[in-house]
Amino acid sequence: MVDVVCIGAHPDDVELGMGATIAKMVQAGAKVAILDLTDGEPTPFGTPERRAAEAAEAARVLGVERVTLGLPNRALEDTVEARREVAEVLRALRPRVVVGPYRVDAHPDHVAAAQIVLSARFWAKLSKAGLAGEPHYPRRIYQFAAFHSALALVPSFVVPVGEDAIQAKLTALGAYRSQFIENAANAQVIDRVELQTRYWGSLVGAAGGEPFFATEVLGVESLTSLV
Numbered sequence: 021m022v023d024v025v026c027i028g029a030h031p032d033d034v035e036l037g038m039g040a041t042i043a044k045m046v047q048a049g050a051k052v053a054i055l056d057l058t059d060g061e062p063t064p065f066g067t068p069e070r071r072a073a074e075a076a077e078a079a080r081v082l083g084v085e086r087v088t089l090g091l092p093n094r095a096l097e098d099t100v101e102a103r104r105e106v107a108e109v110l111r112a113l114r115p116r117v118v119v120g121p122y123r124v125d126a127h128p129d130h131v132a133a134a135q136i137v138l139s140a141r142f143w144a145k146l147s148k149a150g151l152a153g154e155p156h157y158p159r160r161i162y163q164f165a166a167f168h169s170a171l172a173l174v175p176s177f178v179v180p181v182g183e184d185a186i187q188a189k190l191t192a193l194g195a196y197r198s199q200f201i202e203n204a205a206n207a208q209v210i211d212r213v214e215l216q217t218r219y220w221g222s223l224v225g226a227a228g229g230e231p232f233f234a235t236e237v238l239g240v241e242s243l244t245s246l247v
């Protein structure tokens with residue numbers, strides 16, 4: 021069992037969008053898992069074996085469990101089979117919170133992944149559905165920002181993070197050498213992600229921050245409980 025399951029279409033998606041938040045949660049004692057819907061291949065400088073090793077190293081840096089499914093990269097769709105596979109992982113891990121990618125993106129896999137996460141959360145609670153494991157319904161579901169589109173969005177909230185969490189995020193991203201070090205087209209990604217992380221932090225008085233989007237209305241216990 022884990023507290024939070026973070027789901028991305030490809031290895032590195034979750035780290036890009038919420039790696040520092042994961043580091044902060046783990047440092048506070050939370051149990052976190054990352055679920056990749058695909059292995060992310062093919063890419064210009066990757067192989068399935070290399071991507072798996074990079075993803076494992078990134079998970080080690082963040083201190084999380086990692087599961088990778090075999091859904092088709094570049095052809096991801098919200099199919100019944102995809103829902104079933106993700107729902108069974110949610111039943112096995114039984115998280116209180118699920119986080120998936122934001123629903124608007126230029127990358128079709130990210131758009132599909134967002135819907136798969138929403139659908140699978142619902143499917144995970146169904147009885148008499150022929151799914152492995154006992155029914156489970158994560159109480160909260162959020163979306164992280166890892167867009168390919170240049171969108172000016174207003175998040176539901178920002179999680180403030182400290183310098184140690186920022187560095188953990190950057191180190192985890194550095195594990196993906198085939199994507200961000202050896203691929204010249206992505207050479208500026210890590211620097212840009214750091215700037216974005218520090219920008220969001222500046223808005224909430226922290227060294228860094230990461231934006232999240234709620235798909236349901238949130239309740240706040242007290243006005244004084246807000247950061």
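Add 20 to the 1-based position in the sequence shown for the numbering used here, that's all there is to it. The C-beta atom is built at its ideal place from N, Cα and C for all residues, glycine as well. All values derive from a computational prediction rather than experimental measurement.
Beta-carbon proximity list for residue i, same chain, < 6 Å, skipping 5 on both sides
i	result
residue 123	134
residue 196	32 and 74
residue 143	103 and 107
residue 147	155
residue 34	26, 28 and 54
residue 3	Limits of the chain in this structure are 21 at one end and 247 at the other, which puts residue 3 out of reach.
residue 11	The question about residue 11 has no answer, for the chain in this structure spans 21 to 247.
Minimum C-alpha distance to residue i - residue among the options
i	options	result
residue 139	191, 41, 70 and 100	100
residue 102	189, 58 and 70	58
residue 233	38, 198 and 29	38
residue 137	212, 128, 174 and 163	163
residue 65	76, 176, 244 and 205	205
residue 172	231, 72, 235 and 187	231
residue 44	216, 92 and 187	187
residue 93	229, 29 and 48	29
residue 52	175, 81 and 245	81
residue 211	61, 193, 198 and 69	193
residue 69	226, 198 and 128	198
residue 48	202, 203 and 184	184
residue 91	215, 56, 174 and 119	56
residue 213	228, 203 and 202	228
Which residues DSSP lists as bridging residue i, in chain order
i	result
residue 53	25 and 85
residue 180	229
residue 162	119 and 234
Nonlocal neighbours in the same chain, by C-beta distance under 8 Å from residue i, ignoring five residues either side
i	result
residue 116	23, 24, 158, 159 and 160
residue 126	167, 168 and 169
residue 76	86
Cβ shell of residue i (< 7 Å), same chain only, five flanking positions each side left out
i	result
residue 247	180 and 224
residue 42	26, 52, 82 and 84
residue 97	132
residue 67	61
Determine contact between the region 208-223 and the region 178-189, defined as no fewer than three beta-carbon pairs at a distance below 8 Å.
yes
Which ranges would you report for the beta strand (DSSP E) in the region 80-132 if only whole runs of at least 3 residues count?
85-88 and 117-121
Kindly confirm or deny that the region 105-112 and the region 146-153 touch, where touching means at least three C-beta pairs closer than 8 Å.
yes
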